[in-house]
Each structure stands twice: as C-alpha cells, then as structure tokens.
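First comes the structure, then the notes that go with it.
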Amino acid sequence: MAARGWQQRCFQSSYRPVAMDERIDPDELLAAVGFDADESVLTRRQAEVLALREHDIRQSDIGELLGTSRANISSIERNARENVEKARQTVAFANTLTAPVCVDIEAGTDIYDIPPTVYAACDEAGVEVNYGSSNLLQLIDDAVDGAIQQDTVQVPLRIDVTNDGVVHVREQSAERTE
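Residue numbers (my numbering): 112 to 289.
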C-alpha cells in the first residue's frame, strides 16, 4: 500500500520521532502528552481522536486507523470538543469561586475604562495583576469571542483575578440575577 500524504509527514513525540508511514500508535501518542483517562473528562477514544486531529490527520484516515467510520470519528471529535469546552467553563466557575477579585463589566463599557477598574479592585484586595493595560485588553478580546468591537464591550463580562495575579475572563451568564 502506498503511503498517503499525511502518513509521510513526521511529528515529534517525547520518546522519538515517529514517521507517519508507520502505523501510528495512539497509545504512544497519548503517553507522550501525559493523558490519563482516570483523571480526564475525555474518554480514551475522544483523546485519541483529538490527539490525531491536532496532528492534522483527516477524520477518514483516523477512522481507518481506529477501525471505524469517518462519520463516527466526526461524532467523537464533536463530543470531545464539547467536553473540553465544558471543562473550561467548569474551571472558570471554580476560579470565580476562589478569586479574591471579581469585576463585572457591563456591555457598552469603553474598553479603556476596564484596566483602571480592574487595577483599582486588585489594589483594594492587595493582589498584583500580571498584565499591563494592552495585554489585559488583548486577554479579554481573546477570552470571549466578539467581546470587544470598536473600543466597546459588546457583552457583559466577569473578570476574576487570582491571588497569583492570573486573570480569567468569561461572558456573564444571561440567567444571572443580582
């Protein structure tokens, strides 16, 4: 059987370079990144599919490698990505519970009002922020897709700062009541 294009590329594992014209061992790939199914929100199969997709392997090729259909791989990947997003939201929630600084930003706020507001709240709590103004605004823009447009906050945001000065940003829930 002739090697496919993706099989001819190489990727580097922590163990040794693995040529794609060899059969990829998903177990080796997961071991290289330290996956532990007992400590993860992902099933082993979901982790295998995500790891292989992150190496630019097509769903149909993953299906062939794992002995299943492309449609099944698509479903596994979609569910895995949903689980990863749920895990991110869970971590954000846990950070909110323990963060000494929580700042709510209303939609319509000028973005240049955000850094002084966050810094004032941090000063009051005795927490040092690890970000300058421009980096803080970039973090907000990166954390919530579409949060900032034309120097204005588009959606209500919650900005939490940990004791270590790490900033977490998320969109406020629509169901939230005061």
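Note that the Cβ used here is the ideal one computed from N, Cα and C, for glycine as well.
Every value quoted in this text rests on a predicted model; they were computed, and no experiment measured them.
Looking at C-alpha atoms only, which residue of Val280, Thr207 and Leu208 is the closest neighbour of Tyr242? Val280
When burial is assigned at 16 or more other CB atoms within 10 Å of the CB, is Val152 buried or exposed? exposed
Using alpha carbons as the reference points, say which of Ile135, Pro267 and Val255 lies closest to Glu196. Val255
Where Val212 and Arg192 are concerned, what is the direct C-alpha to C-alpha distance, given to the nearest angstrom? 30 Å
Return helix, strand or coil for Asp132, following the three-state DSSP convention. Note that Asp132 scores a pLDDT of 46, beneath 50, so its modelled location is shaky; the value from the coordinates is reported in the next line. Asp132 falls in the coil class under three-state DSSP.
Does DSSP put Ile184 in a helix, in a strand, or in coil? helix
Span of the beta strand (DSSP E) holding Asp256? Element bounds for Asp256: n/a, residue is neither H nor E.
Among Asn274, Leu177 and Gln283, which has the Cα closest to the Cα of Ala218? Gln283
Taking the alpha-carbon of Thr223 as reference, which of Gln260, Val202, Asp147 and Phe204 has the nearest alpha-carbon? It is Tyr, not Thr, that sits at residue 223 in the sequence shown. The shortest Cα separation from Tyr223 among Gln260, Val202, Asp147 and Phe204 belongs to Gln260.
DSSP three-state call for Arg189: helix, strand or coil? helix
If you count every other CB in all the chains shown that lies within 10 Å of the CB of Glu165, and 16 or more means buried, which is it? exposed
At the level of alpha carbons, what is the spacing between Ile266 and Phe204? According to the sequence shown, residue 266 is Val rather than Ile. Cα to Cα, Val266 sits roughly 18 Å from Phe204.
Consult DSSP for Ile222 and reduce its assignment to one of helix, strand or coil. helix
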